[in-house]
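In my numbering, the protein residues as written are 571 to 868.
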């Protein structure tokens, strides 16, 4: 590894020692690219520290700190990274051959591009992260904030960025427990050009007890994320389209209402439906659901 590697891979981890070794091995098996792997131990209480301390590959650097969440861990990794390009990886996922080599080669050959997005496979369902019909569209044109917003392109495990774009975009938002990744990609693609390479670069394990399975929090964060985006970057509303933005937000509030009602939170469901109806006052779906909820309480 040179003093300035081609790419730094930031790997946040928390109590994943049982899978971390295989995950790191999948990154280190990459050929044709000079890399370093910056593993940020986010206050693990298992054997993570021992595993990192004894790791035989000098390309692996461990950074330890108190538990502060995945966004903070990623930020610490970026601050310590030395590479020309920045990639991210989750400690329970596997990188597939070319995951780093393909985007690094593309970015080196196309200095006007600052981000490369690749596909992945979701396990155990064994399905593509980005379905084929969407992948074909993304591969046919540059990817901007409108595409990221429409298709929720936030899986960092398949992405690679120029250092300048990450540093200019700023740190990952620590107020998001789940969608800090999507928030980063949205903000980055407001200013920088991205492309999609239709190739499978990683496998992602969906855990039934993982934080991303908290449907209420996912919906709440997705709503807040979108509102934050247009507040900080009003031009996004023009790019996405005011009607499309309102329709998407109303749909999110509608789904949040369903989740809250199923959990017995009638007041929360009523509030979410009110927001949906305010965004789409002529949409009969939200008016009828509001009337149904009133009748249910009568």
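Built from N, CA and C at the ideal position, the CB exists for glycine as well.
Could you have a look at residue i and say whether DSSP puts it in helix, strand or coil?
{"i": "residue 903", "result": "Past the boundaries of the shown model lies residue 903; the chain is included only from 571 to 868, so the question cannot be answered."}
{"i": "residue 828", "result": "helix"}
{"i": "residue 852", "result": "coil"}
{"i": "residue 760", "result": "helix"}
{"i": "residue 801", "result": "helix"}
{"i": "residue 772", "result": "strand"}
{"i": "residue 809", "result": "helix"}
{"i": "residue 574", "result": "coil"}
{"i": "residue 777", "result": "coil"}
{"i": "residue 717", "result": "helix"}
{"i": "residue 743", "result": "coil"}
{"i": "residue 601", "result": "coil"}
{"i": "residue 624", "result": "coil"}
{"i": "residue 838", "result": "helix"}
{"i": "residue 748", "result": "coil"}
{"i": "residue 738", "result": "helix"}
{"i": "residue 833", "result": "coil"}
{"i": "residue 723", "result": "coil"}
{"i": "residue 753", "result": "helix"}
Between residue i and residue j, how many whole angstroms is the CB-CB distance? I'm expecting something under 8 Å.
{"i": "residue 787", "j": "residue 748", "result": "6 Å"}
{"i": "residue 866", "j": "residue 829", "result": "Wrong, their Cβ atoms sit about 16 Å apart, outside the cutoff."}
{"i": "residue 575", "j": "residue 644", "result": "Not a contact, Cβ separation roughly 18 Å."}
{"i": "residue 619", "j": "residue 611", "result": "6 Å"}
{"i": "residue 672", "j": "residue 769", "result": "6 Å"}
{"i": "residue 690", "j": "residue 771", "result": "6 Å"}
{"i": "residue 579", "j": "residue 608", "result": "7 Å"}
{"i": "residue 795", "j": "residue 731", "result": "Not really, about 19 Å apart at Cβ, beyond 8 Å."}
{"i": "residue 756", "j": "residue 742", "result": "At roughly 12 Å, the Cβ-Cβ gap does not stay under 8 Å, so residue 756 and residue 742 are not in contact."}
{"i": "residue 631", "j": "residue 606", "result": "6 Å"}
{"i": "residue 687", "j": "residue 728", "result": "6 Å"}
{"i": "residue 826", "j": "residue 793", "result": "7 Å"}
{"i": "residue 789", "j": "residue 822", "result": "6 Å"}
Who are residue i's beta bridge partners in DSSP?
{"i": "residue 582", "result": "610"}
{"i": "residue 635", "result": "612"}
{"i": "residue 731", "result": "656 and 685"}
{"i": "residue 594", "result": "None, per the DSSP bridge assignment."}
{"i": "residue 767", "result": "688"}
{"i": "residue 630", "result": "607"}
Out of the options, state which residue places its alpha-carbon closest to the alpha-carbon of residue i.
{"i": "residue 683", "options": "698, 665 and 714", "result": "714"}
{"i": "residue 628", "options": "850, 705, 573 and 856", "result": "573"}
{"i": "residue 676", "options": "800, 764, 666 and 625", "result": "764"}
{"i": "residue 601", "options": "716, 674, 731 and 637", "result": "674"}
{"i": "residue 831", "options": "822, 821 and 842", "result": "842"}
{"i": "residue 646", "options": "653, 654 and 633", "result": "633"}
{"i": "residue 852", "options": "840, 720 and 820", "result": "820"}
{"i": "residue 759", "options": "690, 662 and 724", "result": "724"}
{"i": "residue 854", "options": "817, 834 and 606", "result": "817"}
{"i": "residue 595", "options": "616, 614 and 622", "result": "622"}
{"i": "residue 695", "options": "792, 824, 773 and 577", "result": "773"}
{"i": "residue 685", "options": "657, 740 and 584", "result": "657"}
{"i": "residue 616", "options": "590, 790, 806 and 701", "result": "590"}
{"i": "residue 766", "options": "721, 775 and 734", "result": "721"}
{"i": "residue 604", "options": "614, 668, 857 and 625", "result": "668"}
{"i": "residue 809", "options": "743, 761 and 654", "result": "761"}
{"i": "residue 824", "options": "699, 804, 741 and 848", "result": "848"}
{"i": "residue 614", "options": "702, 640 and 863", "result": "640"}
{"i": "residue 650", "options": "802, 777, 846 and 733", "result": "733"}
Does the ligand NAP have a heavy atom nearer than 8 Å to the CB of residue i?
{"i": "residue 596", "result": "Ligands are entirely absent from the displayed structure, and the ligand NAP is therefore not among its contents."}
Length at least 4, wholly inside the region 636 to 714: the alpha helix (DSSP H) runs in chain order: As for any alpha helix (DSSP H) of minimum length 4 sitting wholly inside the region 636 to 714, the runs are 640 to 650, 671 to 679 and 702 to 709, ordered along the chain.
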